[in-house]
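Each residue of the sequence shown is one higher than the last, beginning at 1 in full-length UniProt numbering.
Have a look at the structure below, then the notes.
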Amino acid sequence: MTAAAIMLESDAVPSTYTVTKPTPTATATAPVEPTTAAHAAEDESASGTAVDAVDPNALNPYIHLVRDQHITIIPSFTLECGETLTSVPVAYKTWGTLNAAKDNAIVVCHALSGSADVADWWGPLLGARRVFDPRRWFIVCCNVLGSPYGSASPVTINPATGELYGAHFPRVSVRDDVRLHRLVLDQLGVESVAFAIGGSMGGMQVLEWGAQFGPEYVRHLVPMATAARHSAWCIAWGEAQRQAIFADPAYNAGEYDQENPPRAGLAAARIQAMLTYRTRDSFQARFARRFTKGADRTQGDLSVMGVPHNDGLGHFAHATTGNKVTPGVFSAQSYLRYQGDKFVHRFDANCYVAITRKLDTHDLARPYDEDVDPDEAYTAALQRLTQPTLVLAVASDGLFTVAEHEELVAALPNGELGVIASPDGHDGFLLEFDQVGHAVDEFMRRVAPEYFADDLDGASESEVAAPTESSTFGEVDLTAW
1 MTAAAIMLES DAVPSTYTVT KPTPTATATA PVEPTTAAHA AEDESASGTA VDAVDPNALN
61 PYIHLVRDQH ITIIPSFTLE CGETLTSVPV AYKTWGTLNA AKDNAIVVCH ALSGSADVAD
121 WWGPLLGARR VFDPRRWFIV CCNVLGSPYG SASPVTINPA TGELYGAHFP RVSVRDDVRL
181 HRLVLDQLGV ESVAFAIGGS MGGMQVLEWG AQFGPEYVRH LVPMATAARH SAWCIAWGEA
241 QRQAIFADPA YNAGEYDQEN PPRAGLAAAR IQAMLTYRTR DSFQARFARR FTKGADRTQG
301 DLSVMGVPHN DGLGHFAHAT TGNKVTPGVF SAQSYLRYQG DKFVHRFDAN CYVAITRKLD
361 THDLARPYDE DVDPDEAYTA ALQRLTQPTL VLAVASDGLF TVAEHEELVA ALPNGELGVI
421 ASPDGHDGFL LEFDQVGHAV DEFMRRVAPE YFADDLDGAS ESEVAAPTES STFGEVDLTA
481 W
């Protein structure tokens with residue numbers, strides 16, 4: 001299906017437009033629209049300045065999962081791989097007001113399957129009297145390239161063909177994201193960034209923000225649960241997850257219809273990923289050898305002997321709803337199937353391939369000189385990050401270990417390490433709101449006291465709210481394991 005006849009009401013895409021369709025996603029605080037002069041200019045130009053093009057997200061089935069986000073169109077952008085994208089959509093959300101000095105921006109960077117909606121996945125940290133207080137800060141989060149949530153990706157339209165990019169979407173990098181998002185900040189009138197903050201892939205972006213634009217533009221960094229270069233361990237897990245997608249016949253080398261995507265392959269990839277985000281002990285504590293409803297508990301382990309040999313085969317192939325419980329099997333199995341079901345309704349397989357390949361390219365020291373040892377180049381790249389930097393590790397993280405964070409901090413001229421105590425592994429940065437919030441708040445008040453001189457509430461520290469019961473892009477629904 002082409003998009004030749006699918007237009008906005010004006011039959012053109014304005015330089016900036018807004019996706020306003022509400023979703024049932026719970027948020028911790030309502031979005032606060034920016035009140036910058038740049039935004040006012042955008043609003044005025046939305047109806048008068050337009051390009052003759054199709055809405056890039058006209059065929060994107062995931063675009064309305066993020067409520068009330070803006071999408072700006074960058075006319076042209078050349079990627080690290082050498083290819084040039086045209087009419088490039090970038091989705092973003094903002095909270096708060098840019099100050100007169102235009103220097104109170106916080107750039108929040110999302111993880112692999114996240115979106116620009118910080119209120120969804122870090123909601124307890126966002127809002128009045130919280131760490132990300134819109135009364136004090138101008139908070140900006142941009143969606144990355146390759147993501148299905150509004151920025152250019154396999155599920156946006158290639159203006160050269162009028163069809164979805166699909167598997168033909170070019171290779172992108174974390175560095176591409178940061179360079180592209182800088183253009184959005186320029187449009188918003190931001191002259192310098194007070195803090196860049198993010199976890200996992202978001203932490204990689206934080207480090208690239210510091211490396212690409214220096215301390216004059218990005219003054220403080222808070223990367224967490226991350227690395228300055230992707231390890232062989234993480235590269236291997238990304239490959240295993242891609243192979244799960246490739247093994248699904250519906251994948252068809254990436255040439256699949258959106259109405260018949262490779263659900264089984266994508267679900268299997270997500271199941272693998274979920275295991276890397278957690279720990280053996282967290283699963284044992286939650287599930288042990290317990291069964292779901294429908295199992296005969298009087299028979300103990302023999303109960304599962306009644307499960308067919310091929311139980312689970314085809315479970316995801318025709319999934320239309322996410323069933324939380326699979327009857328008669330181990331609870332751990334049912335939980336993973338539920339997570340697979342949930343994910344295939346909010347993510348795209350080609351997008352997953354694109355982003356995991358992006359992670360593989362991450363190395364702050366690129367490109368290397370032939371006569372320079374890669375480890376020496378890596379250390380030198382970190383030593384050039386002179387900004388005050390708080391690095392947060394998760395004690396039980398099996399993807400990005402504490403030792404890896406210690407190595408990173410040792411090379412940073414002004415780095416300090418904090419360790420989040422959590423049994424839940426890598427996802428601790430999305431679950432341990434109190435620890436993350438208090439660590440970030442203390443760092444912000446210490447290194448940038450000028451922003452707290454006229455404290456809004458007379459408080460010496462910010463609050464962290466209780467998480468909402470569910471999240472589309474975060475992990476808060478898992479806290480009730």
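Ideal placement from N, C-alpha and C gives every residue a C-beta, glycine not left out.
With contacts defined as CB atoms closer than 9 Å, Leu221 and Pro388 qualify as a contacting pair. In this structure, the beta-carbon distance from Leu417 to Ala380 does not fall below 9 Å. Here the stretch 226-233 does not lie against the stretch 131-141, with fewer than 3 beta-carbon pairs under 8 Å apart.
In the three-state DSSP reduction, Cys234 falls in the helix class (H, G or I). Between Ser462 and Asp441, the gap from beta carbon to beta carbon is short of 9 Å.
Taking a cut-off of 8 Å on C-beta distances, the stretch 199-218 does not touch the stretch 248-268, as fewer than three cross pairs fall below it.
Its Cα nearest to that of Val54, the residue Thr86 stands out among Thr86, Pro423, Met204 and Ala439.
If you ignore the 5 residues before and after Ala267, its C-beta comes within less than 6 Å of the C-beta of Phe316, Gly340 and Val344, all in its own chain and listed in chain order. Here Ser331 has Phe287, Arg290 and Thr292 as same chain residues with Cβ atoms under 6 Å from its own Cβ, once five neighbours each way along the sequence are excluded. DSSP places Tyr92 outside any alpha helix (DSSP H); the residue lies instead in the beta strand (DSSP E), whose first and last residues are Thr84 to Trp95.
One alpha carbon belongs to Trp209, the other to Ala196, and they sit about 7 Å apart.
Counted as a single uninterrupted DSSP element, the alpha helix (DSSP H) harbouring Pro374 occupies residues Pro374 to Gln383. Of the other Cβ atoms in all chains shown, fewer than 16 fall within 10 Å of the Cβ of Arg446; this residue is therefore exposed. For Glu416, the secondary structure class from DSSP, reduced to helix, strand or coil, is strand. Put simply, the backbone Cα of Glu255 is about 7 Å away from that of Ala167.
A residue is called buried once 16 or more other Cβ atoms fall within 10 Å of its Cβ, and Glu404 is buried on that count. Nearest in C-alpha terms to Gly150, of all of Ser200, Glu80, Ser115 and Val178, is Ser115.
Residue pairing from DSSP places Gly199 in a beta bridge opposite Met224.
The beta carbon of Leu207 sits closer than 8 Å to those of Leu221, Pro223, Thr226, Ala228, Leu364 and Leu385, all from its chain and outside the five residues before and after it, given in chain order. Put simply, the backbone Cα of Arg263 is about 40 Å away from that of Leu382.
Gln205 is classed as buried because its beta carbon has at least 16 other beta carbons within 10 Å across all chains shown.
Arg278 counts as buried, since no fewer than 16 other beta carbons sit within 10 angstroms of its beta carbon.
In the same chain as Pro170, and ignoring 5 residues on each side of it, the C-beta atoms closer than 8 Å to its own belong to Leu79, Cys81, Glu83 and Leu85, in chain order.
Residue state for Val464 is assigned as coil, using DSSP reduced to three classes.
Val118 and Tyr451 have their C-alpha atoms spaced approximately 21 Å apart.
Phe283 and His426 have their C-alpha atoms some 13 Å from each other. Annotation for Asp177: Val144, Leu145 and Gln205 place their beta carbon closer than 7 Å to its own, counting only its chain and skipping 5 residues before and after. The beta carbons of Phe347 and Ser113 sit about 6 Å from each other, so the pair counts as a contact at 8 Å. C-alpha of Gln187 to C-alpha of His110: approximately 20 Å in a straight line. Looking at Leu359, His438 and Val436, the one whose alpha-carbon comes closest to that of Gln241 is Leu359. For Tyr17, the beta-bridge partners assigned by DSSP are Ile71. The shortest CA-to-CA distance from Leu399 to any of Gln258, Met274 and Asn104 is the one to Met274. In summary, Leu408 is buried, with 16 or more beta-carbon neighbours lying within 10 Å of its beta-carbon over all protein chains present.
Within the stretch 107-142, the complete alpha helix (DSSP H) segments at least 4 residues long are 118-121, listed from N- to C-terminus. Pro148 is positioned such that its CB atom lies closer than 9 Å to that of Ile63. Here Ala395 has Val402, Val419, Ile420, Ala421 and Ser422 as same chain residues with Cβ atoms under 7 Å from its own Cβ, once five neighbours each way along the sequence are excluded.
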